[in-house]
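In my numbering, the protein residues as written are 16 to 326.
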C-alpha cells in the first residue's frame, strides 16, 4: 500500500523533493530553524536576554584580554639581536624587608670587570637616565635624557631617518633625537635630514647634598643634532627621547649608577655567562635578564627598569 501511495504522489520520471523542502514546504531548512529559534526567544524573553548579554560580555572580555596580551608581548619584538641581548642585574641575597631583591645599578669598576674579564660577551652598553629641559629657539621642553655608549644604536635595532648609526654618538657634543621628539621641537613638516647640524641646549641641575637644603647650580650646554631615529615599528621599554653620549653623563650631572646591557656571542648560552659573572662579586649574585620579553619580566629596580608590566 505504501509503495502504491508513493507512486501516485510522485509521478514517474520526476525527482523527489529536495531534503530542505521535503518537510517544510517552500521554506529552506535554515529559515525554518530561524523561525523556531525566534519563537523560542519570544516566549522566554528575560532568560534569552540574560543569555545573549552574558555571551556578548564574555566574548568581548576574551577579545580584550587577547589584545592586551598581544600588546604586552609585542614590546621590542623587532630587534634583530633581541634573543642575544641581556640586562645584567644584581640579585641581593639579603634584601631589605619590603624592597625588590633585584637591582640593575652597576658601578663603573664592575662594568669594566665585565668588559675585560667575562668571555662570551660580544658588546657591552651602559645606560643612565637623566632629567632636565631642552630649549630650541624660544621654546622650552621638560625632557628625559638617556646617556648611552656609541654602540647602543647598533646593538639594538634602531634605524635612523637621518644620520649614521655607527658614528652618531661618537662626538661628545652630539645628540640623537627620537622621531616624536624631533617633530615636537621642529614640527612635522621639517624633514629629518634638515635637522642635522641644528643646535639645541640642554639644561640640568647640579645638586650639592653637603648643604641643607641641597645647593642647586644650573647647568646649560649646547649640543649638535647628529641623528634622528626613524619611527619605531612597535612599543619599546627604552626611553629614546634624547640620546646623549655616556661620557657626558657626569658633566650633565646624571646621578646614580649605570644600567648595563650585553650582547652575547652567537652560540653562547646565558647560563655560561652567569657562571662566569659569579666570580666578580662575593656578597650578592649577578644575573642576566633577557631583553626579549623584559616588559613582562620580574621587577628590577634601577636604571634598567625602563618599564615593566605583568600578564
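The beta-carbon is built from N, C-alpha and C at its ideal position, and this holds for glycine as well. The structure displayed is predicted, hence computed values, not measured ones.
Residues of its chain near residue i, where Cβ-Cβ distance is below 6 Å and the 5 sequence neighbours each way are ignored
| i | result |
| --- | --- |
| residue 139 | 130, 277 |
| residue 236 | 217 |
| residue 230 | 223 |
| residue 184 | 165, 260 |
| residue 264 | 143, 162 |
When the options are compared against residue i, the one with the closest alpha-carbon
| i | options | result |
| --- | --- | --- |
| residue 186 | 249, 197, 212, 284 | 212 |
| residue 279 | 59, 57, 137, 92 | 137 |
| residue 219 | 96, 99, 156, 98 | 156 |
| residue 206 | 190, 233, 242, 189 | 242 |
| residue 307 | 98, 47, 215 | 98 |
| residue 327 | 72, 262, 221 | The structure shown does not extend to residue 327, since the chain is modelled only from 16 to 326, so the question has no answer here. |
| residue 297 | 125, 73, 305, 303 | 125 |
| residue 275 | 85, 58, 303 | 303 |
| residue 87 | 65, 249, 204 | 249 |
| residue 176 | 70, 208, 152, 269 | 208 |
| residue 135 | 305, 84, 282 | 282 |
| residue 221 | 204, 269, 190 | 269 |
| residue 214 | 247, 203, 152, 76 | 152 |
| residue 210 | 191, 227, 225 | 191 |
| residue 94 | 226, 179, 173, 285 | 173 |
Residue i CB to nearest heavy atom of the ligand FMN below 7 Å
| i | result |
| --- | --- |
| residue 155 | Of ligands this structure carries none, so the ligand FMN is not represented either. |
8 Å CB neighbourhood of residue i in its chain, flanking five on each side removed
| i | result |
| --- | --- |
| residue 154 | 200 |
| residue 251 | 90, 91 |
| residue 309 | 90, 91, 102, 252, 323 |
| residue 267 | 145, 147, 160, 162, 217, 219, 234, 236, 259 |
Three-state secondary structure (DSSP) of residue i
| i | result |
| --- | --- |
| residue 364 | No answer is possible for residue 364: it lies beyond the span of the chain, which begins at 16 and ends at 326. |
| residue 297 | coil |
| residue 183 | coil |
| residue 306 | coil |
| residue 166 | coil |
| residue 69 | helix |
| residue 57 | helix |
| residue 267 | coil |
| residue 64 | helix |
| residue 292 | helix |
| residue 175 | strand |
Own chain partners of residue i with C-beta closer than 7 Å, once the 5 adjacent residues on each side are dropped
| i | result |
| --- | --- |
| residue 128 | 295 |
| residue 148 | 155, 156, 157, 158, 218 |
| residue 345 | Shown here, the chain extends from 16 to 326; a query on residue 345 therefore has no answer. |
| residue 188 | 238, 239 |
| residue 287 | 135 |
For this session: Scan the segment 193-255 and note each continuous beta strand (DSSP E) run of 3 residues or more that stays entirely inside, going in chain order.
Result: Counting only runs of 3 or more, we get 214-223, 230-244.
Exercise. Is the segment 194-205 touching the segment 290-305, taking contact as three or more C-beta pairs under 8 Å?
Worked result: Pairwise C-beta distances place the segment 194-205 out of contact with the segment 290-305, as fewer than three of them are shorter than 8 Å.
Exercise. Using 8 Å as the threshold, is the segment 160-171 in touch with the segment 254-263, meaning 3 or more CB pairs across them?
Worked result: Yes: the two stretches touch, three or more of their Cβ pairs being nearer than 8 Å.
Exercise. Which residue spans inside the segment 75-161 form an unbroken beta strand (DSSP E) run of at least 3?
Worked result: Taken in chain order, the complete beta strand (DSSP E) segments of 3 residues or longer contained in the segment 75-161 are 100-106, 136-151.
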